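J.: Numbering (this note's numbering), first residue to last: 6 to 435.
After the structure tokens below, expect a handful of questions from me.
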Amino acid sequence: MSTSSRVENTITIPVEQELNPWQSQAARFDYAAQKLNLDEGLWKILRYPNRELIVHIPVAMDSGRMEVFTGYRVQHSIARGPAKGGIRYSPDVTLDEVRALASWMTWKCAVVNIPFGGAKGGVICDPKKLSMGELERITRRYTSELIEFIGPEKDVPAPDMNTNEQTMAWMMDTYSMHMRQTVTAVVTGKPVNMGGSRGRREATGRGVMIVCDEALKRLNLNREGCRVIIQGFGNVGSNAAQLMCEDGYKIIGIIEINGSLYNRNGIDIDELIEYKKKNNTIVGFPGASPADGAELLTTECDILAPCATENVITSKNVERIKCKILCEGANGPTTAVADEILAEKKVFIIPDILANAGGVTTSYFEWVQDRMGYFWKESVVNERLESIMKESFEDVVRYAEAHNVNNRIAAYMLAIDRVAFTIRQRGIYA
Ligand code: NAD
6 MSTSSRVENT ITIPVEQELN PWQSQAARFD YAAQKLNLDE GLWKILRYPN
56 RELIVHIPVA MDSGRMEVFT GYRVQHSIAR GPAKGGIRYS PDVTLDEVRA
106 LASWMTWKCA VVNIPFGGAK GGVICDPKKL SMGELERITR RYTSELIEFI
156 GPEKDVPAPD MNTNEQTMAW MMDTYSMHMR QTVTAVVTGK PVNMGGSRGR
206 REATGRGVMI VCDEALKRLN LNREGCRVII QGFGNVGSNA AQLMCEDGYK
256 IIGIIEINGS LYNRNGIDID ELIEYKKKNN TIVGFPGASP ADGAELLTTE
306 CDILAPCATE NVITSKNVER IKCKILCEGA NGPTTAVADE ILAEKKVFII
356 PDILANAGGV TTSYFEWVQD RMGYFWKESV VNERLESIMK ESFEDVVRYA
406 EAHNVNNRIA AYMLAIDRVA FTIRQRGIYA
């Protein structure tokens with residue numbers, strides 16, 4: 006019996022490792038590096054993260070009991086600038102996941118050509134079971150443990166799954182208290198009134214829409230009536246859905262963790278957002294029928310946009326995927342094994358390191374505005390975002406054609422090439 010699956014004809018991943026995001030990242034990296042003829046030394050440098058920090062943080066719970074949470078911060082690369090990447094709160098956080106997400110940040114920042122390296126952080130906890138006070142104490146203690154690790158010129162965190170503007174406000178405040186001065190540029194994704202950027206909240210979803218627009222043009226398809234299914238109705242998914250709905254796309258399905266919705270005539274996303282605000286769930290929304298999430302994922306549509314989490318499209322369901330375009334709003338929603346089958350099915354993939362780069366691009370704008378102390382109008386932010394996303398889409402698609410590889414491998418090759426070029430120029434300090 007075979008114990009491994011072939012990816013892109015050259016890379017093997019042990020079957021039992023398919024769902025390990027670090028292995029998925031490494032398999033794509035190895036293949037792209039090989040295609041680039043990357044020299045062995047640079048290959049070794051870029052394959053592994055530069056620094057990894059594990060912290061065990063004591064936190065007083067509301068009950069008076071003391072609890073210890075484990076947190077991570079991984080800096081994959083600072084070759085092109087300060088490390089950059091979100092902080093995730095989830096019971097499922099693992100060091101391998103954070104490593105993969107940190108590497109993806111390096112590649113993502115290079116794909117959109119912004120002057121950052123890559124990092125990621127996470128705390129193993131279940132925010133649904135924590136009070137605001139407990140979340141604040143976890144965030145402040147975690148930040149204080151990272152105090153020498155982060156900073157506007159070192160490593161700049163941002164929100165990710167289950168963290169938000171409030172989390173960033175606490176992080177900024179904690180860091181500032183230690184520095185004895187207000188340091189807004191230490192994190193991005195802050196509230197607008199305290200150094201956040203206009204347009205940041207919607208930026209990842211807006212980026213998703215921009216690259217979908219570009220893909221439709223490429224495939225000669227129309228936006229009007231284009232059927233979209235979105236997984237995840239959090240920051241990325243709900244903003245993508247709202248903006249796409251406003252611009253003529255027909256959102257026929259929304260998949261959430263505790264229930265999903267389907268309406269072949271299109272769901273009114275403004276109403277759904279209002280409903281979720283009131284009820285804290287999409288379940289029971291009267292403007293669509295309840296649906297099975299796993300079935301919706303494999304329902305025929307023009308665009309499938311997984312905007313929730315990793316390992317959604319795997320060897321188990323990839324054969325049944327029926328979209329024309331797969332736009333990865335989430336990080337790592339497709340395993341490396343599933344990639345090969347999607348390629349055979351001729352699905353046009355907009356890979357995560359391009360599709361969801363709108364968030365970090367506007368985070369870059371936020372960092373620039375904080376350092377300037379001068380804030381831009383929302384229209385300026387959105388125009389600049391659109392220009393970078395369109396240019397990056399073109400770069401990736403052209404690279405894919407020139408090197409006869411799929412869009413994902415093209416995005417990796419482009420990114421690795423840019424990072425490797427900088428390292429060669431800087432040289433290795435010894
Ligand atoms: P979020 O916490 O705001 O929302 C995630 C949503 O997905 C939640 O509503 C959750 O209930 C849902 N969800 C989780 N697991 C699910 C599952 N198995 N099936 C269906 N729904 C599920 O998080 P977010 O910030 O929107 O991030 C989502 C993804 O996008 C993550 O992979 C994240 O790394 C990536 N991402 C986020 C940003 C950003 O700016 N927030 C930027 C780039 C990439």
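Virtual Cβ for every residue (Gly too), placed ideally from N, Cα, C.
All values reported here derive from a predicted model rather than from experimental measurement.
Under the DSSP definition of a beta bridge, which residues are partnered with I235?
T.: I235 is bridged to I259 and A310.
J.: Smallest Cα separation from K395: which of I262, Q22 and K222?
T.: Among I262, Q22 and K222, the Cα nearest to that of K395 is on K222.
J.: Which first and last residues belong to the alpha helix (DSSP H) in which E324 is found?
T.: Taken as a continuous stretch (DSSP letters only), E324 belongs to no alpha helix (DSSP H), as it is neither H nor E.
J.: Any chance you could list the beta strand (DSSP E) runs of at least 3 consecutive residues sitting entirely within the stretch 369-425, in chain order?
T.: Those beta strand (DSSP E) runs which fall completely within the stretch 369-425 and span 3+ residues do not exist here.
J.: Just to confirm, is the Cβ distance from N167 to P196 under 9 Å?
T.: Contact: no.
J.: Give me whichever residues DSSP pairs with T339 in a beta bridge.
T.: According to DSSP, which records beta bridges pairwise, T339 is partnered with I318.
J.: Give the secondary structure of M71 by DSSP, where H, G and I count as helix, E and B as strand, and everything else as coil.
T.: Note: M71 maps to strand in three-state DSSP.
J.: Could you tell me if the beta carbon of G192 falls within a distance shorter than 8 Å of some heavy atom in ligand 1?
T.: A small fix is needed here, since residue 192 is Val in this sequence, not Gly. False, no ligand heavy atom lies under 8 Å from that Cβ.
J.: Give the range of the alpha helix (DSSP H) segment to which A115 is assigned.
T.: Per DSSP, A115 belongs to the alpha helix (DSSP H) from L100 to V116.
J.: Measure the alpha-carbon distance for T8 versus V20 and round it to whole angstroms.
T.: Any reading at T8 needs caution, since the residue's pLDDT is 41, under 50, leaving its predicted position unreliable; the model's value is listed next. Cα to Cα, T8 sits roughly 6 Å from V20.
J.: Buried or exposed, going by whether 16 or more other CB atoms sit within 10 Å of the CB of Y369?
T.: Classification for Y369: buried.
J.: Note down, in chain order, each residue of its chain lying with its Cβ closer than 8 Å to the Cβ of C250, except the 5 sequence neighbours on either side.
T.: These residues qualify, in order along the chain: I256, G271, I272, D273, I274 and D275.
J.: Compute the distance between the beta-carbons of P162 and I259, then report whether it is under 9 Å.
T.: Their beta carbons are not under 9 Å apart, which means P162 does not touch I259 by this criterion.
J.: Looking at the structure shown, is E21 part of a helix, part of a strand, or coil, going by DSSP?
T.: Helix, per DSSP.
J.: Looking at A208 and ligand 1, is the gap between the Cβ and the nearest heavy atom below 8 Å?
T.: Yes, ligand 1 has a heavy atom inside 8 Å of this Cβ.
J.: Can you name the start and end residues of the beta strand (DSSP E) that D160 belongs to?
T.: Note, D160: beta strand (DSSP E), D160 to P164.
J.: Exposed or buried, what is T187 when buried is set at 16 or more other beta-carbons lying within 10 Å of its beta-carbon?
T.: Classification of T187: exposed, given that the 10 Å Cβ count is below 16.
J.: Using only the heavy atoms of ligand 1, determine whether one of them is closer than 8 Å to the beta carbon of E261.
T.: Yes, Cβ of E261 sits closer than 8 Å to a heavy atom of ligand 1.
J.: On a Cα-Cα basis, can you pick out the residue from C328, G46, M173 and P96 that is closest to L485?
T.: This structure does not reach residue 485, given that the chain is present from 6 up to 435, and the question cannot be answered.
J.: Report the rounded CA-to-CA distance for S426 versus M418, giving the unit in angstroms.
T.: The sequence shown places Phe at residue 426, not Ser. Between F426 and M418, the C-alpha separation is close to 12 Å.
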